[in-house]
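If you read the protein sequences in the order shown, they are chains A and B.
Quick note: the first sequence, position 255, residue 255 per the numbering used here, numbers continuous.
One rule links them: number in the numbering used here = place in the second sequence (from 1) + 412.
Don't be surprised by glycine CBs; every beta carbon is placed ideally from N, CA and C.
If you're wondering where the values come from, they're calculated on a predicted model, not measured in any experiment.
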Amino acid sequence: MVCGLVAGAWLGSAEAPTKLVAIGFSPFLISLGMVMGVFVARWTVPIALKGTRYVWQDLSEKPHLIVWAIVAGMLWAVANTLTVFAIRNVGLSIAFPLWNVNSLVGLFWGWLLFKELRGSAASQRLKVVIGAAAIVIGACVLASATAAGASQARHGAAALGVLAALGAGLLWGTMYIPYRKAYLSGMSPLSFVTVFTFGELGTVLTLAVVFDGGAARVLDSLKLATPALFWLFLGGFCWVLGDLFQQYAAKYIGISRGIPLSNTNQLWGLAWGALVFGELTDMTGGAQVLVVAGSLIMIAGAIAISLAEAPAAEQREWYSAMERECARYGLDRERVAASLMGSDRAHLARNSWRWWETLIIGAAVAVFVWLGLHAQVQAIAVDARWLLTLAAACLALLLGGGIFLWKRTRFC
Amino acid sequence: MKIALVKAMLTDPHLWIPLGVLAIGIALLGVLA
Numbered sequence: 001m002v003c004g005l006v007a008g009a010w011l012g013s014a015e016a017p018t019k020l021v022a023i024g025f026s027p028f029l030i031s032l033g034m035v036m037g038v039f040v041a042r043w044t045v046p047i048a049l050k051g052t053r054y055v056w057q058d059l060s061e062k063p064h065l066i067v068w069a070i071v072a073g074m075l076w077a078v079a080n081t082l083t084v085f086a087i088r089n090v091g092l093s094i095a096f097p098l099w100n101v102n103s104l105v106g107l108f109w110g111w112l113l114f115k116e117l118r119g120s121a122a123s124q125r126l127k128v129v130i131g132a133a134a135i136v137i138g139a140c141v142l143a144s145a146t147a148a149g150a151s152q153a154r155h156g157a158a159a160l161g162v163l164a165a166l167g168a169g170l171l172w173g174t175m176y177i178p179y180r181k182a183y184l185s186g187m188s189p190l191s192f193v194t195v196f197t198f199g200e201l202g203t204v205l206t207l208a209v210v211f212d213g214g215a216a217r218v219l220d221s222l223k224l225a226t227p228a229l230f231w232l233f234l235g236g237f238c239w240v241l242g243d244l245f246q247q248y249a250a251k252y253i254g255i256s257r258g259i260p261l262s263n264t265n266q267l268w269g270l271a272w273g274a275l276v277f278g279e280l281t282d283m284t285g286g287a288q289v290l291v292v293a294g295s296l297i298m299i300a301g302a303i304a305i306s307l308a309e310a311p312a313a314e315q316r317e318w319y320s321a322m323e324r325e326c327a328r329y330g331l332d333r334e335r336v337a338a339s340l341m342g343s344d345r346a347h348l349a350r351n352s353w354r355w356w357e358t359l360i361i362g363a364a365v366a367v368f369v370w371l372g373l374h375a376q377v378q379a380i381a382v383d384a385r386w387l388l389t390l391a392a393a394c395l396a397l398l399l400g401g402g403i404f405l406w407k408r409t410r411f412c
Numbered sequence: 413m414k415i416a417l418v419k420a421m422l423t424d425p426h427l428w429i430p431l432g433v434l435a436i437g438i439a440l441l442g443v444l445a
C-alpha cells in the first residue's frame, strides 16, 4: 500500500519537468527523449541498490522472464507514444483520466489470470472494485473541471485522441500481466526493470525511425532538441522512481490493488499543474468545486482499496497462481514463496561494489550533468514556494517509502 | 534457453494476450502517425 501511494506521487511528479519542454517536437521524439532518460535511470537505480551480480543471478534463475520483461517494455513504449498523440489531440486533462482506465484493465486481468480477489469476502472485493471505480470517476470529474475553457480540438482529431488515450489505457493495463507474472515467479522488480528497459528503448527507437522519417532525421531532431532533453530525462528519472514503487506494489499486493493506488498520480499531476504552474488560475468557482470534489473522490477510492487487505483465503488463491508458474517453468516453490513474502535469504545480501558499477553510475550522472549544462530554461512562471513544498513532500515520501521497503524486503 | 523452457513459454496462453494487445497498439499508432 505504501509503495502504491509513493508510486502515485512520483509518477504524477514526472509530468512536471516535461511541462518545461517547448512544443514543436514530434510525439515520437518526445517519447524517445523521455525513454532515453528512463533507460539511464533503470540501469543505474538497480545497480546502486543491489549490484550487477544480484540482477544477473536473478535473471539467470528465471531466463524465460527476460522475454516477458521485453514484451512489457514494448507495451509501455507503444502506450507512452499513444499518450503523446492523445495529449496533442484532446489535451492532458481529458487524455489523463481516459488512460487511467488501465487500473480497471489491470484489475480484470488480475482477477482472470492470477486469481486476485478470489476467495475474499464480498465486502473486500467490493472495496477494491468501488475504490478503483471511484479513482476513475474522480479522474473524470477532474478532467471535466480542467477541460473547461480549453479550446475545442477538431472533431476527427479529438476522436482519434480519445482512441489513442483509451488504447494507452488498454496497453498499460495489459502490461501488468508480465509484471504480475514475474513477481509470482519470485523475481525482484529491480531485475525486471533492467531488462524491461531494453524493450522500451528498442521499441521507441524503432517507432521514431519508422514514423519520423529515418535514423538520420531522428538524430538531427535529437541534436535540435538538446536544450529540452534535460527536462525529458528528468521526467523519465522521476517516472522510474515512481514505477519502481508501482512494481513493488504489484509484487506484494497484486495488480488489482497496487495499480489503482498508484493511479492517484493524477492528484499529484494536478497539484503540480495548479500550485506550481498556476494552470487553474483562470478557473471559475464551479470548476474549482469540481476539482476539490474529484480529488476527494479519488482519495476516498484509494482509502477504500487500502482497507481491503487480502485475507488468508485470497492469499491461498495467489499461492495456487504462483504454483502454476512454478510447475510450468520449473521454479523452486519454497524460494518463490519466500520471495513473495520479501524474505528470500539467498537474495538479501548485497555484494561488494565492483568497479564497473561505479563506472555505470558515474556515466549516468555525467549524462545528466552534461544535459543540464546544455538545458534551456523555459519562460514559464513557476511558484517557487509551492515547487519547494511539493518537491520536499515527494522526497519525504521517497525516503520514508524507501526505508520502509528496505526494512521489510531489502528491495527483493 | 532450454528447448523445454521455450516450449513452456510458447504454449503459455498468458503470453498471447499481451502480444495481441501490443499488435492492436502498433496498428493504432499506424493510423495516428
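Find the residues of chain B that neighbour residue i, judging by a C-beta separation of less than 7 Å, and give them in chain order.
i, result
"ARG424/A", "Given a span of 1 to 412 for chain A in the structure shown, any question on residue 424/A remains unanswerable."
"LYS181/A", "HIS426"
"VAL67/A", "MET421"
"THR81/A", "LEU441"
"VAL78/A", "LEU434, GLY437, ILE438 and LEU441"
"ALA85/A", "The sequence shown places Phe at residue 85/A, not Ala. Simply LEU444."
"THR174/A", "ILE429, PRO430 and VAL433"
"LEU290/A", "Under the 7 Å cutoff, chain B gives no residues; its nearest Cβ is about 30 Å from LEU290/A."
Please check if any C-beta of chain B sits within less than 8 Å of the C-beta of residue i.
i, result
"ILE137/A", "no"
"GLY73/A", "no"
"PHE196/A", "no"
"ALA22/A", "Residue placement at ALA22/A cannot be trusted, given a pLDDT of 49 that sits under 50; what the coordinates show is reported in the next sentence. False, the Cβ-Cβ gap to chain B never drops below 8 Å."
"VAL162/A", "no"
"LEU229/A", "no"
"PRO63/A", "yes"
"PHE192/A", "no"
"PHE417/A", "Given that chain A is displayed from residue 1 to residue 412, the structure contains no residue 417/A and the question cannot be resolved."
"PHE211/A", "yes"
"LEU207/A", "yes"
"LEU107/A", "no"
"LEU29/A", "no"
"LEU113/A", "yes"
"THR44/A", "no"
"LEU201/A", "no"
"LEU11/A", "no"
"LEU32/A", "no"
"LEU170/A", "yes"
Going along chain B, which residues have a C-beta under 8 Å from residue i?
i, result
"GLY167/A", "ILE436, GLY437 and LEU440"
"ALA158/A", "Correct list: empty, because the minimum Cβ distance to chain B is about 13 Å."
"ILE177/A", "HIS426, ILE429 and PRO430"
Output yes or no for whether 8 Å exceeds the beta carbon distance between residue i and residue j.
i, j, result
"HIS426/B", "LYS251/A", "no"
"GLY256/A", "LEU11/A", "Residue identity check: residue 256/A is Ser in the sequence provided, not Gly. Contact flag unset, no."
"TYR248/A", "CYS3/A", "yes"
"ALA302/A", "VAL141/A", "no"
"LEU434/B", "LEU160/A", "no"
"GLY156/A", "LEU98/A", "no"
"MET74/A", "GLY199/A", "yes"
"LEU207/A", "LEU441/B", "yes"
"VAL6/A", "GLY330/A", "no"
"TRP239/A", "LEU390/A", "no"
"ALA139/A", "GLN266/A", "yes"
"THR203/A", "ALA77/A", "yes"
"ALA313/A", "GLY119/A", "yes"
"ASP212/A", "PHE28/A", "yes"
Compare the C-beta of residue i against all C-beta atoms of chain A and say whether one is closer than 8 Å.
i, result
"ILE415/B", "no"
Please list, in chain order, all residues of the same chain as residue i whose beta carbon is under 6 Å from its beta carbon, the five residues on each side excluded.
i, result
"LEU280/A", "ALA274"
"TRP172/A", "ALA79 and ASN102"
"PRO17/A", "TRP231, LEU234 and GLY235"
Kindly list the residues whose CB is nearer than 7 Å to the CB of residue i, restricted to its own chain and excluding five residues on each side of it in sequence; keep chain order.
i, result
"PRO178/A", "TRP68, ALA69, VAL71 and ALA72"
"CYS326/A", "ARG333 and VAL336"
"LYS115/A", "GLU317, TRP318, SER320 and ALA321"
"ILE137/A", "ILE297"
Within its chain, find whatever has a CB closer than 8 Å to the CB of residue i; leave out the 5 residues flanking it on each side and keep chain order.
i, result
"THR413/A", "Not covered by the structure: residue 413/A. The range shown for chain A is 1 to 412."
"ALA381/A", "PHE277 and GLY278"
"THR83/A", "ALA95, TRP99, ALA164, ALA165 and ALA168"
Practice item. Scan the segment 41 to 117 of chain A and note each continuous beta strand (DSSP E) run of 3 residues or more that stays entirely inside, going in chain order. Key: none
Practice item. Taking only runs that begin and end inside the segment 290 to 374 of chain A, name each unbroken alpha helix (DSSP H) of 4 or more residues, in chain order. Key: 312 to 329, 333 to 340 and 355 to 373
Review point. Which runs of the alpha helix (DSSP H) spanning at least 4 residues fall entirely within the segment 372 to 403 of chain A, listed in chain order?
Key: none
Review point. At what residue ranges does the segment 180 to 221 of chain A contain a whole run of the alpha helix (DSSP H), taking only runs of 4 or more?
Key: 189 to 211
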